[in-house]
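Peer 1:
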Amino acid sequence: MRHLLSTRDLSRDDALLLLDTAEDMAEVSTREVRKLPVLRGTTVVNLFYEDSTRTRISFEAAEKRLSADVINFAAKGSSVSKGESLKDTAQTLRAIGADAVVIRHPASGAPQLLAERGWIDTPILNAGDGTHEHPTQALLDAFTIRRRRHGAGARGKDLAGEHVVIVGDILHSRVARSNVWLLTTLGARVTLVAPPTLLPVDTSLWPARTTHDLDEALADSPTAVMALRIQAERMTDAYFPNTREYAKFWGLGEARFRRLPERTFVMHPGPMNRGLEISSVAADSDRSTILDQVANGVSVRMAALYLLCAGARDGETAAARTTNQAATEEGTK
Ligand code: CP
Numbered sequence: 006m007r008h009l010l011s012t013r014d015l016s017r018d019d020a021l022l023l024l025d026t027a028e029d030m031a032e033v034s035t036r037e038v039r040k041l042p043v044l045r046g047t048t049v050v051n052l053f054y055e056d057s058t059r060t061r062i063s064f065e066a067a068e069k070r071l072s073a074d075v076i077n078f079a080a081k082g083s084s085v086s087k088g089e090s091l092k093d094t095a096q097t098l099r100a101i102g103a104d105a106v107v108i109r110h111p112a113s114g115a116p117q118l119l120a121e122r123g124w125i126d127t128p129i130l131n132a133g134d135g136t137h138e139h140p141t142q143a144l145l146d147a148f149t150i151r152r153r154r155h156g157a158g159a160r161g162k163d164l165a166g167e168h169v170v171i172v173g174d175i176l177h178s179r180v181a182r183s184n185v186w187l188l189t190t191l192g193a194r195v196t197l198v199a200p201p202t203l204l205p206v207d208t209s210l211w212p213a214r215t216t217h218d219l220d221e222a223l224a225d226s227p228t229a230v231m232a233l234r235i236q237a238e239r240m241t242d243a244y245f246p247n248t249r250e251y252a253k254f255w256g257l258g259e260a261r262f263r264r265l266p267e268r269t270f271v272m273h274p275g276p277m278n279r280g281l282e283i284s285s286v287a288a289d290s291d292r293s294t295i296l297d298q299v300a301n302g303v304s305v306r307m308a309a310l311y312l313l314c315a316g317a318r319d320g321e322t323a324a325a326r327t328t329n330q331a332a333t334e335e336g337t338k
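For the sequence shown, my numbering begins at 6 and goes up steadily by one.
1. Please state if the CB of residue 56 and the CB of residue 298 are separated by a distance shorter than 8 Å.
2. Are the beta-carbon atoms of residue 195 and residue 216 separated by less than 8 Å?
3. Does DSSP put residue 302 in a helix, in a strand, or in coil?
4. How about the stretch 49-64 and the stretch 306-316: do they share at least three Cβ pairs that are nearer than 8 Å?
5. Within a Cβ cutoff of 6 Å, which residues of the same chain sit near residue 21, ignoring the five residues on either side of it in sequence?
6. If you scan the stretch 75-104 from start to end, which runs of the alpha helix (DSSP H) of 4 or more residues do you find wholly inside it?
7. Closer than 7 Å is what we want: which residues have a beta carbon that near any heavy atom of ligand 1? List them in chain order.
8. If you run the structure through DSSP and keep just helix, strand and coil, what is residue 270?
9. Considering only C-alpha positions, which residue in the set 157, 35, 73, 272 is nearest to residue 46?
10. Rounded to the nearest angstrom, what separates residue 200 and residue 218 at their Cα positions?
11. Are there 16 or more other CB atoms within 10 angstroms of the CB of residue 247, so buried, or fewer, so exposed?
12. Residue 227: which of 255, 150, 138 sits nearest, CA to CA?
13. Might you give, ordered along the chain, the residues of its own chain that have their beta carbon closer than 6 Å to the beta carbon of residue 293, omitting 5 neighbours on each side?
14. Less than 8 Å between the beta carbons of residue 79 and residue 53, yes or no?
15. Assuming residue 108 contacts residue 132 (C-beta within less than 8 Å), just tell me the rounded distance between them.
16. Would you identify the three-state DSSP class for residue 129, choosing helix, strand or coil?
17. How should residue 42 be labelled, buried or exposed, when 16 other C-beta atoms within 10 angstroms of its C-beta is the threshold for buried?
18. With a Cβ-Cβ cutoff of 8 Å, do residue 280 and residue 300 count as a contact?
19. What number of angstroms, rounded off, separates the C-alpha of residue 268 from the C-alpha of residue 99?
20. Is residue 63 helix, strand or coil by DSSP?
21. Counting pairs of Cβ atoms below 8 Å between the stretch 157-164 and the stretch 129-144, do you hit three or more?
22. Among the residues of its own chain, which have a CB less than 6 Å from the CB of residue 180, if the five just before and after it don't count?
23. Could you tell me which residues DSSP puts in a beta bridge with residue 110?
24. Between 23, 285, 11, which has its C-alpha nearest residue 148's C-alpha?
25. For residue 203, which option in 277, 237, 135 has the closest C-alpha, if you only look at C-alpha atoms?
26. Please report the distance separating the alpha-carbon of residue 13 from that of residue 266.
27. For residue 279, write down the residues that DSSP places opposite it in a beta bridge.
28. Output the distance between the C-alpha atoms of residue 166 and residue 189, rounded to the nearest integer angstrom.
29. Classify residue 1 as helix, strand or coil using the three-state DSSP reduction.
30. In the DSSP output, what is residue 231 paired with across the bridge?
31. Starting from the C-beta of residue 8, find all residues in its chain whose C-beta is less than 6 Å away, skip the five residues before and the five after it, and write them out in chain order.
32. For the candidate residues 207, 174, 276, whose alpha-carbon lies nearest to that of residue 245?
33. Just how far apart, CA to CA, sit residue 234 and residue 282?
34. Which residues does DSSP list as the beta-bridge partners of residue 216?
35. Could you compute how far the alpha carbon of residue 124 sits from the alpha carbon of residue 112?
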């Protein structure tokens, strides 16, 4: 792997390597000293053209835990507002010494453009591009599902036999797209649920079933139901008559949450519209993985940065590598 741009082009082996390396990183995060030296001397730039809380902060936490030097760039307040292009911005960052770029951009395909045009020759990590993909979110979702089903340290296991229902604003959701590809690559079954107006016109090439009936999908006892945010900021039209009707048919309200099959747990990538796509009763219950997803995001992003920027020696886990590196450093003192 040279970049992490999408989950559609991620092989099963690469996906499992990322999840297993995230297990190593999660284990490191339980140690008294949670910092690893593997990216010492590496400068990572977080290039955010769109707002973010979870992704930006957890990438920064991941970079710092790997001892990277971190530069945070927000388009607001930068020369982007004077019309500077993505190409010139990227080349400026390279000249300043960026060794890797984490990018969130409102335009679908912006990370691919950076990676493929040769404007910058560093690893590119997609932190969400338009309505296209959000690969680290899907990886942390898969990691969370695997941990819920098999416990921590379940290395090598895929998601065969799992069924994930994704409900909400599929049309505008890069999280849904990344999850459809990744979860099915890992062997899971995916059902997408949305009102007709919030499904893409053609999903015939997506490896997922679609329905408008949430209760019918939940009757199948899925492993998890993932509620998605209504992305009002991307809507130029009215996609449903009113929020009360949306919540009734497609929301995880209290009554629907209480009827969930016993095995089904509740996910949401955040940020949530409480009372619309998810109720507080569902979001704050012990069947909710929402805060686990946030915590797991740090481990998954550490894994992605480590694999792309440090590179792992064949057959050596991140934990072994860092232990070996620490031993080597101790021996040379
Ligand atoms: N899930 C997610 O991408 O959240 P942020 O927009 O806060 O990063």
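All C-beta atoms, glycine included, are put in the ideal place defined by N, C-alpha and C.
Peer 2: Quick look at the numbers:
1. Here the question's residue 298 lines up with position 293 in the sequence shown. Here the question's residue 56 lines up with position 51 in the sequence shown. Against a cut-off of 8 Å, the Cβ pair of residue 56 and residue 298 comes out as no contact.
2. In the sequence shown, the residue the question calls residue 195 occupies position 190. In the sequence shown, the residue the question calls residue 216 occupies position 211. No, they are not a contact pair.
3. To locate residue 302, count along the sequence shown from 1; it is residue 297. In this structure, residue 302 counts as helix in the three-state DSSP scheme.
4. yes
5. On the sequence shown, residue 21 is found 16 positions in, with the first residue counted as 1. Excluding sequence neighbours, residue 21 sits near nothing in its chain.
6. 91-101
7. 56, 57, 58, 59, 60, 61, 133, 139, 142, 180, 274, 275, 276
8. Counting from 1 along the sequence shown, the entry for residue 270 is found at position 265. Three-state result, residue 270: strand.
9. For the purposes of this step, residue 46 is taken as residue 41 along the sequence shown, with counting starting at 1. If we check each option's Cα against that of residue 46, 73 comes out closest.
10. The count along the sequence shown starts at 1 and reaches residue 200 at position 195. The count along the sequence shown starts at 1 and reaches residue 218 at position 213. Those two C-alpha atoms are separated by around 8 Å.
11. What you label residue 247 is simply residue 242 of the sequence shown in a count that begins at 1. So residue 247 ends up on the exposed side.
12. For the purposes of this step, residue 227 is taken as the residue at position 222 of the sequence shown. Nearest C-alpha to residue 227: 150.
13. In the sequence shown, residue 293 corresponds to position 288, counting from 1. Taken in chain order, the residues that qualify are 271.
14. What you label residue 79 is simply residue 74 of the sequence shown in a count that begins at 1. What you label residue 53 is simply residue 48 of the sequence shown in a count that begins at 1. The answer is yes: Cβ separation under 8 Å.
15. On the sequence shown, residue 108 is found 103 positions in, with the first residue counted as 1. On the sequence shown, residue 132 is found 127 positions in, with the first residue counted as 1. Contact holds; Cβ gap of about 6 Å.
16. If you number the sequence shown from 1, residue 129 lands on position 124. Correct three-state label for residue 129: strand.
17. Numbered from its first residue, the sequence shown carries residue 42 at position 37. Per the 10 Å Cβ criterion, exposed.
18. Within the sequence shown, the letter at position 275 stands for residue 280. Within the sequence shown, the letter at position 295 stands for residue 300. No, Cβ-Cβ distance for residue 280 and residue 300 is not below 8 Å.
19. For the purposes of this step, residue 268 is taken as the residue at position 263 of the sequence shown. For the purposes of this step, residue 99 is taken as the residue at position 94 of the sequence shown. Whole-angstrom Cα-Cα distance: 48 Å.
20. In the sequence shown, the residue the question calls residue 63 occupies position 58. Helix at residue 63.
21. no
22. Position 175 of the sequence shown, counted from the start, is the residue given in the question as residue 180. 139, 142, 274, listed in sequence order.
23. Within the sequence shown, numbered from 1, the residue matching residue 110 stands at position 105. According to DSSP, residue 110 bridges with 134.
24. On the sequence shown, position 143 is the one that residue 148 refers to. Here the closest residue by C-alpha is 23.
25. By 1-based counting over the sequence shown, the position of residue 203 is 198. Selected option, being the one with the closest Cα: 237.
26. In the sequence shown, residue 13 corresponds to position 8, counting from 1. In the sequence shown, residue 266 corresponds to position 261, counting from 1. Their backbone Cα atoms lie some 30 Å apart in a straight line.
27. In the sequence shown, residue 279 corresponds to position 274, counting from 1. Answer by DSSP bridge pairing, in chain order: 283.
28. As a position in the sequence shown, residue 166 is number 161, starting the count at 1. As a position in the sequence shown, residue 189 is number 184, starting the count at 1. The alpha-carbon atoms of residue 166 and residue 189 are separated by roughly 10 Å.
29. There is no way to answer for residue 1, as the model of the chain reaches only from 6 to 338.
30. Locating residue 231 in the sequence shown gives position 226, where the first residue counts as 1. In the DSSP output, where bridge partners are listed per residue, residue 231 has 171, 272.
31. In the sequence shown, the residue the question calls residue 8 occupies position 3. Cβ neighbours of residue 8 beyond the five flanking positions: 120, 128, 129.
32. One-based indexing of the sequence shown puts residue 245 at position 240. Of the listed residues, the one whose Cα sits closest to residue 245 is 174.
33. Sequence index remark: in the sequence shown, residue 234 carries index 229 (1-based). Sequence index remark: in the sequence shown, residue 282 carries index 277 (1-based). Roughly 7 Å between the two C-alpha positions.
34. Position 211 of the sequence shown, counted from the start, is the residue given in the question as residue 216. Looking at the DSSP assignment, residue 216 forms a beta bridge with 198.
35. For the purposes of this step, residue 124 is identified with residue 119 of the sequence shown, where counting begins at 1. For the purposes of this step, residue 112 is identified with residue 107 of the sequence shown, where counting begins at 1. Rounded to the nearest angstrom, the two C-alpha atoms are 17 Å apart.
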